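Participant: Numbering (our numbering), first residue to last: 67 to 292. Virtual Cβ for every residue (Gly too), placed ideally from N, Cα, C. No experiment lies behind these values; they were computed from the predicted model shown.
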Amino acid sequence: MPFACEAMLNKYGYPTTLRAIAIGLAVLTGPLLPLLKGRLPHSEYSTAGRTDWSFLKKSLFWVYYGALLLALLSISQVLGQLSFGYLSDHRLNLNLLITISTVISAIASLALWGLARSLDVLIIFSFIYGFFGAGYVAMWARMGSAVSNEPTAALATYSLFCVGKGVGNVVAGPISASLIRPITEIGSYGVMKYKAIILFTGACMLGSTVSVVAWYVRQKTWLRAP
67 MPFACEAMLN KYGYPTTLRA IAIGLAVLTG PLLPLLKGRL PHSEYSTAGR
117 TDWSFLKKSL FWVYYGALLL ALLSISQVLG QLSFGYLSDH RLNLNLLITI
167 STVISAIASL ALWGLARSLD VLIIFSFIYG FFGAGYVAMW ARMGSAVSNE
217 PTAALATYSL FCVGKGVGNV VAGPISASLI RPITEIGSYG VMKYKAIILF
267 TGACMLGSTV SVVAWYVRQK TWLRAP
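1) Reducing DSSP to helix, strand and coil, say where residue 155 ends up.
2) Among the candidates 270, 246, 271, whose CA atom is the shortest distance from the CA of residue 259?
3) Whose CA, out of 240, 239, 241, 262, lies closest to the CA of residue 250?
4) Residue 279 to residue 118, Cα distance in whole Å?
5) Given a cut-off of 8 Å on the beta-carbon distance, is the pair residue 271 and residue 175 in contact?
6) Which stretch, first to last residue, makes up the alpha helix (DSSP H) that contains residue 167?
7) So what's residue 210 in DSSP terms, helix, strand or just coil?
8) Would you kindly report the start and end of the unbroken alpha helix (DSSP H) that includes residue 245?
9) In whole angstroms, what separates the C-alpha of residue 216 from that of residue 222?
Structure, rendered in structure tokens:
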């Protein structure tokens, strides 16, 4: 898909490409909407009775409750992408934004996620990690223009970023499965079961930070060299 979009952008330009994508999504997904069926049975009564809150005592509810964290994570990701995309548009230094994104994401993972003992802390983690973590993706286009001023090269850079993300999505599952421990210790870091995943996530974020900062410092050193 990224390469197809690149070809269309080069041939037809942004307005035509975006309209074509919108029409394609409408044509491919629109006819499927009538086929969607409701999951709740039709009620035989016109008025609802008192709510039975006993479901709060069932463990299955709290298992499904994790979906709330994913929803909050998705909302914060949208806000983060909008914010970082706006700021990276020649309003703040790109390397500074990348450093902020990766550092705060790493701190959120290692501190909030790893040390979480309640749902409230996990909700805060979802907002912070989603906002700053997703902000990194929103700066891909700006990274491409920073690497090369040539338009096609910038688009190729963005396409390669998308390919890398796709590969990461594929290998993330096996890596996560191998890092999960078969034991659970309530009160320990990451309840022990997720300790390795948390440390791996934080280390990756910190590695990104170090690489960007090291490159920036090295460039400054070269510029000051006689």
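Facilitator: On the basis of the coordinates in this document:
1) Of the three classes helix, strand and coil, the one that applies to residue 155 here is coil, per DSSP.
2) Considering only alpha carbons, the answer is 246.
3) Answer by Cα proximity: 262.
4) Straight through space, the alpha carbons of residue 118 and residue 279 are spaced by roughly 55 Å.
5) At a Cβ-Cβ threshold of 8 Å, residue 271 and residue 175 count as neighbours.
6) Unbroken alpha helix (DSSP H) run through residue 167: 160-173.
7) Assignment of residue 210 by DSSP, reduced to helix, strand and coil, places it in the helix class.
8) Segment 217-245, the alpha helix (DSSP H) holding residue 245.
9) Their backbone Cα atoms lie some 10 Å apart in a straight line.
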